[in-house]
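Here is the structure we will look at.
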Ligand SMILES: Cc1cc2nc3c(=O)[nH]c(=O)nc-3n(C[C@H](O)[C@H](O)[C@H](O)COP(=O)(O)OP(=O)(O)OC[C@H]3O[C@@H](n4cnc5c(N)ncnc54)[C@H](O)[C@@H]3O)c2cc1C
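In our numbering, the protein residues as written are 103 to 469.
Next up, the structure:
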């Protein structure tokens with residue numbers, strides 16, 4: 103099939119769908135191609151934590167992106183609910199940061215947050231226990247981040263899909279892009295086993311698979327899968343309201359009494375599965391922080407593949423040698439959080455208007 107569209111987005115995760123919605127709202131005709139069902143990979147598997155950011159006090163590229171997304175999320179969510187009729191349960195829940203090593207370590211974290219303009223309060227053990235009933239006696243002090251938010255990501259994905267369809271975005275499931283047709287510095291079409299999809303512009307947003315797509319164009323995007331396992335518990339009612347973070351692991355309470363325990367970080371290629379070690383480690387972690395969770399009902403577990411890049415930053419860039427094809431990928435642990443900022447910046451890039459994309463997020467050799 104030959105088809106013309108303003109923009110073809112390859113990949114219907116949170117990055118691809120957010121971008122498609124943003125482009126459709128600005129009047130562009132958009133087609134999203136997904137090799138499977140849109141919104142069922144890392145974006146579905148994630149925990150939905152949205153840490154605070156402050157662009158005015160940004161010290162690095164990551165701070166700039168976080169700050170922009172932090173500004174965009176409230177209105178982005180409200181508009182999404184208005185257009186889709188689906189609530190993504192975005193809310194400011196706050197987070198208790200317990201630090202993974204020592205109290206000195208926690209103090210360094212606090213100073214770092216203050217320097218980056220993030221509101222943080224130092225709590226005594228008693229104050230921390232006021233936030234989380236049943237918090238382990240071993241917690242001697244904690245940090246409180248009141249501006250930490252969360253989103254129920256599977257619902258967010260449903261809302262994005264509904265809003266895209268309502269805006270006329272054509273979403274094609276079961277269309278794996280396997281090849282490209284290009285000439286003279288222009289991408290002409292992307293090819294799936296049965297179809298050839300033409301467009302004026304293209305964006306590769308294939309999550310952990312973006313590196314494979316970019317390899318086919320002769321460019322190493324340096325994006326690899328990094329597996330994360332999650333365990334889900336179910337309690338009769340919400341046991342505590344805030345997120346609890348301890349280094350790279352966390353507890354995320356949903357309003358309906360579910361608690362997510364996350365997450366492992368494993369470099370095992372494209373293998374999505376739970377392991378005994380992963381699940382038992384997460385359960386032991388949860389029990390060490392809130393001992394009463396050991397009697398919660400075990401509901402399920404899952405894993406997802408985070409798109410990891412060695413420099414810890416997403417690639418938001420024209421593909422070298424192309425005037426009409428870009429990449430938006432490699433968001434690692436922050437793709438949900440950074441999705442509104444990514445959609446805005448890539449939309450600006452495609453429109454040729456000033457896009458405030460940090461230099462470190464571009465292909466080293468790109469224009
Ligand atoms: C356990 C875990 C916890 C996480 N927690 C958080 C969190 O709390 N906060 C946060 O901000 N982030 C979190 N993340 C990270 C976040 O989920 C990811 O960064 C984000 O989902 C990446 O979005 P994406 O759209 O790039 O990728 P994906 O969601 O993986 O979507 C990529 C899509 O592209 C499609 N695709 C791939 N190749 C092709 C092809 N050749 N042709 C067509 N389609 C293709 C796939 O089918 C898929 O639908 C977490 C991730 C995991 C795994």
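Glycine included, each C-beta is placed from N, C-alpha and C at the ideal position. Please read all numbers here as calculations on a predicted model, not as lab measurements.
Worksheet item: If you draw a straight line from the alpha carbon of residue 178 to that of residue 336, how long is it in whole angstroms?
Response: 29 angstroms
Fill in: residue 252 to residue 345 span [Cα, whole Å]
8 angstroms
Worksheet item: Are the stretch 280 to 290 and the stretch 153 to 168 touching, with three or more C-beta to C-beta distances below 8 angstroms?
Response: no
Fill in: Residue nearest to residue 219 in terms of C-alpha spacing, selected from 194, 396 and 169
169
Worksheet item: What is the C-beta distance between residue 117 and residue 444, in whole angstroms, given that I count them as a contact (C-beta under 8 angstroms)?
Response: 6 angstroms
Fill in: First and last residue of the uninterrupted alpha helix (DSSP H) at residue 144
144 to 147
Worksheet item: Would the C-beta of residue 448 count as close to ligand 1, meaning under 7 angstroms from any of its heavy atoms?
Response: no
Discussion item. Following a CB-centred definition, is residue 151 positioned closer than 7 angstroms to any heavy atom of ligand 1?
Written reply: yes
Practice prompt. Would you tell me roughly how many angstroms separate the C-alpha atoms of residue 373 and residue 403, rounded to the nearest one?
Written response: 15 angstroms
Worksheet item: Distance, Cα to Cα, residue 210 vs residue 329?
Response: 28 angstroms
Discussion item. Short of 6 angstroms in beta carbon distance, which residues of its chain neighbour residue 465, apart from the five on each side in sequence? Order them along the chain.
Written reply: 419 and 422
Worksheet item: In three-state terms, what does DSSP make of residue 387?
Response: helix
Item to complete: Could you check how far apart the C-beta atoms of residue 405 and residue 331 are, in whole angstroms? I think they sit under 8 angstroms.
Response: 4 angstroms
Discussion item. Considering Cα atoms alone, identify which of 367, 339 and 366 is closest to residue 355.
Written reply: 339
Item to complete: Compute the Euclidean distance between the alpha carbons of residue 468 and residue 458, then round it to the nearest angstrom.
Response: Reliability fails at residue 468, whose pLDDT of 40 lies under 50, so the model's placement of it is uncertain and no value is given.
Worksheet item: Does the Cβ of residue 162 have 16 or more other Cβ atoms within 10 Å, making it buried, or fewer, making it exposed?
Response: exposed
Worksheet item: Given that a residue counts as buried once 16 or more other Cβ atoms are within 10 Å of its Cβ, and exposed if not, what is residue 386?
Response: exposed
Practice prompt. Just confirm the distance between the C-beta atoms of residue 310 and residue 144, as a whole number of angstroms; I'd bet it's less than 8 angstroms.
Written response: 7 angstroms
Worksheet entry | Three or more C-beta pairs below 8 angstroms linking the stretch 241 to 256 and the stretch 185 to 203 | yes
Practice prompt. Identify every run of the beta strand (DSSP E) within the stretch 362 to 434, keeping only runs that are complete inside it and at least 3 residues long; order them along the chain.
Written response: 399 to 410, 417 to 420 and 427 to 431
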